[in-house]
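Residue numbers (this note's numbering): 868 to 1112. Worksheet: one structure, shown below.
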């Protein structure tokens, strides 16, 4: 099985076997790490749900200007996390999970932020993100990154969230469809910001705008397309008016 025959009638020849064995010998096998095994299992369970993804673009210039005035300076992903938290707080129906035939309403807006670890991705949860200032979120995020590098993120620190944020723009990626974790309803993805010409009616000319693609992948059993669209629109509105964050 798995050996392509080159002989008459696609029969497997001695030469085919020798080539196959050489390919096997050139491969190196190793046991998957606990983190990698956990990620693989989570993605398998997540993919068993009916997932959908919607996307749009967002002007990041207001965020980039706003962060210069803050100390500490939150990254765009934390702005996105805070915007998602506020949008969910305004729309409690979207902050729900479907467990079997029951809809469980989340009492707190706890959101994870994907962090690259040495051998996989970890998603620690920032609790009550709708009630936590950007400055405090930035401080907590730095603490979690440090713990992640030391492999000191406990399972309890990664459970219980309603949603997560993935900043794949860190890797220069413009657009993606991240998969929400099995116990979460949605995940917001943020792409890299790129200078794009936009028409300015007040100036009657094109002006450069730092534009990024933003996507929302969600469990379609818990949230319909209209609800997801309104949620994403609100997130974008908050990002483009960061004084509200």
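A virtual CB, placed ideally from N, CA and C, is assigned to each residue, including glycine. Every value quoted in this text rests on a predicted model; they were computed, and no experiment measured them.
ask   = Which partner residues of residue 924 appear in the DSSP bridge assignment?
value = BP columns for residue 924 point to 1080.
ask   = Between the C-alpha atoms of residue 1094 and residue 984, what's the straight-line distance to the nearest angstrom?
value = Pairing residue 1094 with residue 984, the inter-Cα distance amounts to about 33 Å.
query = Under a Cβ-count criterion, where at least 16 other Cβ atoms within 10 Å of its own Cβ denotes burial, should residue 880 be classed as buried or exposed?
reply = The residue is exposed, with fewer than 16 neighbouring Cβ atoms inside 10 Å.
request  = Pick out whichever of 1027, 1061 and 1049 has its Cα sitting closest to the Cα of residue 1040.
outcome  = It is 1061 whose Cα lies nearest to the Cα of residue 1040.
key: Close-in-space but distant-in-sequence residues of the same chain around residue 1073 (CB under 8 Å, 5 per side omitted)   = Cβ-Cβ distances below 8 Å link residue 1073 to 1064, 1065, 1066 and 1067 in the same chain, with the five nearest sequence neighbours on each side left out; the list follows chain order.
query = Who are the near neighbours of residue 1045 in its chain, counting only those whose CB is closer than 6 Å to its CB and skipping five residues on each side?
reply = Cβ within range, chain order: 1033, 1054, 1056 and 1084.
query = Whole-angstrom Cβ separation of residue 978 and residue 1031, contact assumed at under 8 Å?
reply = Residue 978 to residue 1031, Cβ: 6 Å. Contact.
ask   = Three or more C-beta pairs closer than 8 Å, one from the region 914 to 929 and one from the region 988 to 1003: is that the case here?
value = As far as the Cβ criterion goes, the region 914 to 929 does not touch the region 988 to 1003, which means the pair count is below three.
inquiry  = Rounded to the nearest angstrom, what separates residue 1022 and residue 1076 at their Cα positions?
reply    = Between residue 1022 and residue 1076, the C-alpha separation is close to 40 Å.
request  = Pull up the CB-CB distance for residue 965 and residue 1097, whole angstroms please, since I reckon it's below 8 Å.
outcome  = 19 Å between Cβ atoms; not a contact.
key: Three-state secondary structure assigned by DSSP to residue 1012   = The DSSP-derived three-state label of residue 1012 is helix.
query = Which of helix, strand or coil does DSSP assign to residue 1086?
reply = In the displayed model, residue 1086 falls within a strand according to three-state DSSP.
inquiry  = Give me the DSSP bridge partner(s) of residue 1104.
reply    = In the DSSP assignment, no residue is bridged to residue 1104.
task = Go ahead and pull the three-state DSSP assignment for residue 1058.
result = Shown here, residue 1058 sits in coil according to DSSP, grouped into three states, outside any helix or strand.
request  = Would you identify the three-state DSSP class for residue 1092, choosing helix, strand or coil?
outcome  = In the structure shown, residue 1092 sits in a helix (DSSP, three-state: H, G or I).
request  = State the DSSP-derived secondary structure class of residue 875, mapped to helix, strand or coil.
outcome  = Helix, per DSSP.
key: Where the beta strand (DSSP E) through residue 1023 begins and ends   = Note, residue 1023: premise wrong, no beta strand (DSSP E); not H, not E.
ask   = With residue 956 and residue 973 assumed to form a contact (beta carbons below 8 Å), what rounded beta-carbon distance in angstroms separates them?
value = Not quite, the Cβ-Cβ distance comes to about 10 Å (not below 8 Å), so this is no contact.
Distance between beta carbons of residue 1109 and residue 929, contact taken as under 8 Å = Residue 1109 and residue 929 do touch by the CB rule: their CB atoms are close to 5 Å apart, below 8 Å.
task = Assuming residue 976 contacts residue 996 (C-beta within less than 8 Å), just tell me the rounded distance between them.
result = With 8 Å as the limit, residue 976 and residue 996 qualify as a contact, their Cβ atoms being about 6 Å apart.
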